[in-house]
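For the sequence shown, the residue numbers in our numbering are 263 to 724. We put the CB at the ideal spot given by N, CA and C, even for glycine. Taking it in order: structure first as structure tokens, then the write-up.
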Amino acid sequence: MGLMEPYRIKVIEPIPITTRAQREQALARAGYNPFNLRADEVTIDLLTDSGTGALSAEQQAASLRADESYAGARSFYRFRDVVEDLTSYPHIYPVHQGRAAERILFTALLSPGQISISNTHFDTTRANLELLGCAARDLPCQEARDLDSAEPFKGNIDLVRLEEVLTGPDARAVGLVVVTITNNGGGGQPVSLANLTAASALCRRHGVPFFLDAARFAENAWLVTQREGAYAGRTPREVARLAFERADGCLASLKKDGIGHIGGLLALRDDALAKKCEGLLIATEGFRTYGGLAGRDLEMLALGLLEATEPEYLRARAEMTAYLAALVTRAGVDIVAPPGLHALYLNAGRLLRHLPPDRFPGHALACELYLAGGIRCLELGSLFLGALDEVRTLITPAPHELVRIAIPRRVYTQSHLEYVAATLAAIARHPERVPGYRVIEAPALLRHFSCRLEPVMPVGRT
Ligand SMILES: *Cc1c(COP(=O)(O)O)cnc(C)c1O
Numbered sequence: 263m264g265l266m267e268p269y270r271i272k273v274i275e276p277i278p279i280t281t282r283a284q285r286e287q288a289l290a291r292a293g294y295n296p297f298n299l300r301a302d303e304v305t306i307d308l309l310t311d312s313g314t315g316a317l318s319a320e321q322q323a324a325s326l327r328a329d330e331s332y333a334g335a336r337s338f339y340r341f342r343d344v345v346e347d348l349t350s351y352p353h354i355y356p357v358h359q360g361r362a363a364e365r366i367l368f369t370a371l372l373s374p375g376q377i378s379i380s381n382t383h384f385d386t387t388r389a390n391l392e393l394l395g396c397a398a399r400d401l402p403c404q405e406a407r408d409l410d411s412a413e414p415f416k417g418n419i420d421l422v423r424l425e426e427v428l429t430g431p432d433a434r435a436v437g438l439v440v441v442t443i444t445n446n447g448g449g450g451q452p453v454s455l456a457n458l459t460a461a462s463a464l465c466r467r468h469g470v471p472f473f474l475d476a477a478r479f480a481e482n483a484w485l486v487t488q489r490e491g492a493y494a495g496r497t498p499r500e501v502a503r504l505a506f507e508r509a510d511g512c513l514a515s516l517k518k519d520g521i522g523h524i525g526g527l528l529a530l531r532d533d534a535l536a537k538k539c540e541g542l543l544i545a546t547e548g549f550r551t552y553g554g555l556a557g558r559d560l561e562m563l564a565l566g567l568l569e570a571t572e573p574e575y576l577r578a579r580a581e582m583t584a585y586l587a588a589l590v591t592r593a594g595v596d597i598v599a600p601p602g603l604h605a606l607y608l609n610a611g612r613l614l615r616h617l618p619p620d621r622f623p624g625h626a627l628a629c630e631l632y633l634a635g636g637i638r639c640l641e642l643g644s645l646f647l648g649a650l651d652e653v654r655t656l657i658t659p660a661p662h663e664l665v666r667i668a669i670p671r672r673v674y675t676q677s678h679l680e681y682v683a684a685t686l687a688a689i690a691r692h693p694e695r696v697p698g699y700r701v702i703e704a705p706a707l708l709r710h711f712s713c714r715l716e717p718v719m720p721v722g723r724t
């Protein structure tokens with residue numbers, strides 16, 4: 263099978279075509295932070311794959327059939343049945359998005375001073391833990407350190423270090439282990455079922471709750487069918503079921519593999535924990551049968567979860583990302599290998615060798631992609647993950663200077679991706695021309711969302 267999506271376009275949306283002068287003005291006004299741009303100043307928006315997917319005709323039809331009753335709506339039961347079939351968890355709560363599930367679960371389960379362990383905590387997951395006075399500790403596997411290696415499961419949690427923590431001096435403080443599938447903070451790399459099985463067994467042995475952050479459970483399942491021999495003949499849905507089976511519950515943003523514009527999920531096995539969560543849910547999100555969502559959202563999510571686990575859809579998505587990866591690599595830009603599904607992670611540190619970490623090469627490449635082609639993407643380097651001092655100077659750089667090019671589900675075509683690759687190739691011909699940046703304004707929490715910066719021209723240029 264070659265490159266071909268198992269769907270065609272029925273409704274279109276024009277995208278803005280802008281001039282370089284317009285983009286220069288827009289980016290300056292945005293404080294050189296693409297998060298501050300207006301979306302209608304962006305030609306190809308690859309900032310995130312979250313809530314940006316295209317709906318199917320069936321999802322839209324279902325939204326009209328939705329039941330908007332406050333309690334016990336038909337739409338809730340449709341949603342619950344799909345989630346129950348997939349996860350086998352008895353307690354299923356919709357929430358308005360993934361971070362609400364994080365806040366509710368952590369508030370119910372943890373007390374200040376406790377530790378959460380993960381392959382890599384997502385940024386809001388970490389923020390919700392820290393807001394509760396808990397600590398988030400990442401234990402990515404050793405293979406994840408080498409960005410260039412073709413290791414199939416670089417999203418795995420480090421089982422040796424996990425066991426060390428669970429048997430070491432901090433053991434009693436560990437309140438939770440949460441494995442993110444796929445590992446978004448770790449290059450979008452998948453987690454093997456073997457790794458999940460072993461991590462789950464370790465947690466069970468030490469009496470620690472084991473959860474999945476399952477935002478991209480279907481994409482992880484696809485990569486397991488492709489890369490883990492023991493599951494080669496299984497469907498993505500079967501593999502997803504096996505993953506959920508290994509955990510005590512899951513948190514999920516349904517804006518990714520739920521193919522919804524909004525929505526999240528908290529699902530649990532434990533009755534007592536569920537009761538506590540339900541109280542918090544009702545107080546802060548909504549009644550347990552809607553959790554802050556409309557009936558039409560629940561209908562669309564129920565179908566989105568089914569569509570996202572269709573093998574032909576996942577195959578096309580994987581091929582699309584692999585195609586872009588091949589073009590980008592040919593243009594001389596290295597990526598975190600091997601490519602996954604939801605994004606490519608460009609090695610900006612290696613491309614922009616003239617920029618030290620405190621000039622934020624990842625951010626510089628993200629800004630250049632916007633200036634050169636109206637393409638918006640996300641820095642995942644020292645601006646996002648590094649530590650700044652009180653005068654906003656970088657004191658601890660991130661381990662890598664990356665840029666994430668996220669691929670929204672069912673939205674862009676092959677020619678859009680070819681345009682992205684061509685824009686990147688033009689930058690890669692003269693990387694030394696790309697200026698660095700300095701931070702001029704930054705909030706304490708989740709800095710990258712709202713900080714402002716200014717360009718610092720390379721020495722010898724004005
Ligand atoms: C998006 C995401 C979240 C947070 O979900 P929201 O729906 O954005 O609140 C948590 N974990 C992972 C891995 C995610 O990708």
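- If you measure from each CB to the nearest heavy atom of ligand 1, the residues under 6 Å come out as SER312, GLN359, GLY360, ARG361, PHE384, THR386, THR387, THR442, ASN446, ASP475, ALA477, SER515, LYS517, LYS518, GLY526.
- Close CB contacts of ARG654 within its chain, under the 6 Å cut and outside five residues either way in sequence, are with VAL701, ALA704 (chain order).
- Under the Cβ criterion (8 Å, minimum of three pairs), the stretch 610-618 does not count as touching the stretch 486-501.
- Pairing VAL665 with ILE306 gives a Cβ-Cβ distance that is not under 7 Å.
- The DSSP assignment places complete beta strand (DSSP E) segments of no fewer than 3 residues inside the stretch 444-500 at 472-475, in order along the chain.
- According to the DSSP assignment, ASP347 belongs to no beta strand (DSSP E) but to the alpha helix (DSSP H) extending over 336-349.
- From the listed residues LEU289, ARG592, LEU438, ALA556, the smallest Cα separation to GLU630 is found for LEU289.
- Following the DSSP letters along the chain, one finds GLY511 inside the beta strand (DSSP E) bounded by residues 511-515.
- Annotation: the continuous alpha helix (DSSP H) that includes GLY557 extends over 557-569.
- Counted as a single uninterrupted DSSP element, the beta strand (DSSP E) harbouring ASN609 occupies residues 605-609.
- Under the DSSP assignment, ASP400 falls in the beta strand (DSSP E) whose first and last residues are 397-400.
- In this chain, the beta strand (DSSP E) harbouring THR442 covers 436-442.
- For GLU569, same chain residues with a beta-carbon under 7 Å away, outside a window of 5 residues either side, are SER318, ILE521, TYR575 in chain order.
- Judged by beta-carbon spacing, GLY360 lies beyond the 7 Å limit of GLY602, meaning their Cβ atoms are not closer than that value.
- Counting of Cβ neighbours within 10 angstroms places GLY395 among the exposed residues, the total staying below 16.
- Taking 4 residues as the minimum length, the alpha helix (DSSP H) runs contained wholly in the stretch 525-558 are 533-546, in order along the chain.
- Between LEU428 and LEU458 the beta-carbon gap is near 16 Å, outside 8 Å, which marks them as no contact.
- Note on the stretch 584-667: whole beta strand (DSSP E) runs with a minimum of 3 residues are 605-609, 640-642, 656-658, in chain order.
- Taking ALA593 as the centre and dropping the five residues before and after it, the same chain places the C-beta of ALA683, LEU686, ALA687, ALA690 closer than 7 Å to its C-beta, in chain order.
- By the 16-neighbour rule on beta-carbons within 10 angstroms, GLY526 is buried.
- Look at SER380 here: in three-state DSSP terms it is strand.
- Non-local C-beta neighbours of LEU633 in its own chain, meaning closer than 8 Å and more than five positions away in sequence, comprise ARG282, ARG285, GLU286, LEU289, ordered along the chain.
- Residues of the same chain with a CB within less than 6 Å of the CB of THR349, apart from the 5 flanking positions on each side, are PHE506, ALA529 in chain order.
- The bridge partners DSSP lists for GLY698 are VAL718.
- Look at ILE366 here: in three-state DSSP terms it is helix.
- According to the DSSP secondary-structure assignment, ILE354 is paired through a beta bridge with ALA529.
- Per the coordinates, the alpha-carbon of LEU401 lies some 43 Å from the alpha-carbon of GLU330.
- Boundaries for HIS710: no alpha helix (DSSP H) harbours it, and the DSSP string shows neither H nor E there.
- Bridge partners of ILE306 according to DSSP: ILE637.
- At a Cβ-Cβ threshold of 7 Å, LEU474 and ALA509 count as neighbours.
- Residue state for ILE689 is assigned as helix, using DSSP reduced to three classes.
- Here GLU703 is bridged, per DSSP, to ARG714.
- The straight-line gap separating the alpha-carbon atoms of LEU647 and THR386 is approximately 13 Å.
- Ranked by Cα distance from PRO693, the options SER677, PRO600, ILE637, VAL595 are led by VAL595.
- The Cβ atoms of ARG365 and ILE379 do not sit closer than 7 Å to each other.
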